[in-house]
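Numbering-wise (our numbering), the sequence shown opens with residue -2 and increments by one.
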Amino acid sequence: MAIFHQPLADGGFLFTGVGKNTGTEIIHVGRKGDVLAKAVFPAEALTPVQPIDDKDRTFQLASTGTEKFTVITLNKDLQEVKRLSERHERGRIYTAYRMPDQSLVLFGTHRLPANYEAWVMKLNPTLQDEQDLYFPPPNANIWIRAAVPLDTPGDFATARLVAPSNLSWKDEYEIINGREKKGAGIGLTAVHVNYNEKQQ
């Protein structure tokens, strides 16, 4: 199970656990360790959308698959209040951020016919306007495994999983899931994402 945590303004944390066959569970834990709210999405693999703006109090979860990409907005009690879905290119999301203009920046992998490539996708708040940045071969950048915002809004540091470019997508899949190494390494890159500062 993958577990994500997000610090909150009340001094607590939002913990999100995603299991391969168990769906997603999200828990709001107070600063004293008490459970304030809990929600379960049994049939959906979701990742938290982390806000760039410290004043942003919206709780959102995003689907890890992009063929039918879904964003779920929750209230403070972790009850679903809004759901948007749009179809996009085939891929998987590992890390998601929400910009001050409410656009989304998603980091993960794009599924090609023969292999995978590291991918950044930016979507507007309605999920309809898509902008993409790919990290194609020759370096066989498979997956952006982690991304963190830098001091300047729109700047991110990314860590990519890199492997030899002559691997099949099945070999790459084994590397992504930690079952094969075959010369895999890490690539670090800074990425800048434009957003509408007037809509903050």
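Yeah, the Cβ is synthetic: ideal placement off N, Cα and C, and Gly gets one too.
{"query": "Residues near Lys35 by beta carbon distance below 8 Å, same chain, minus five either side", "result": "Glu22, Ile23, Ile24, His25 and Leu75"}
{"query": "Beta-carbon proximity of Glu114 to Arg84, cut-off 8 Å", "result": "no"}
{"query": "Three-state secondary structure assigned by DSSP to Glu114", "result": "strand"}
{"query": "Secondary structure of Glu194, DSSP reduced to three states", "result": "helix"}
{"query": "Ile183, enclosing beta strand (DSSP E) - first and last residue", "result": "Gly182 to His189"}
{"query": "Limits of the unbroken beta strand (DSSP E) element including Arg95", "result": "Gly88 to Arg95"}
{"query": "Delimiting residues of the beta strand (DSSP E) encompassing Lys35", "result": "Val32 to Phe38"}
{"query": "Among Gly9, Pro97 and Val117, nearest to Gly27 - alpha-carbon criterion", "result": "Gly9"}
{"query": "Strand pairing of Gly62, partner residues [DSSP]", "result": "Arg89"}
{"query": "Cβ neighbour criterion (16 or more within 10 Å) applied to Val15", "result": "buried"}
{"query": "Alpha carbon of Gly88 to alpha carbon of Thr67, nearest angstrom", "result": "13 Å"}
{"query": "Inter-residue Cα distance where the pair is Pro97 and Leu109", "result": "31 Å"}
{"query": "Own chain partners of Gln99 with C-beta closer than 6 Å, once the 5 adjacent residues on each side are dropped", "result": "Pro122"}
{"query": "Contacts around Glu86, its chain only, beta-carbon distance under 7 Å, and the 5 residues preceding and following it disregarded", "result": "Thr63 and His107"}
{"query": "CA-to-CA distance, Ala93 to Asn191, given in whole angstroms", "result": "15 Å"}
{"query": "For Thr19 and Ala160, the rounded distance between their alpha carbons", "result": "30 Å"}
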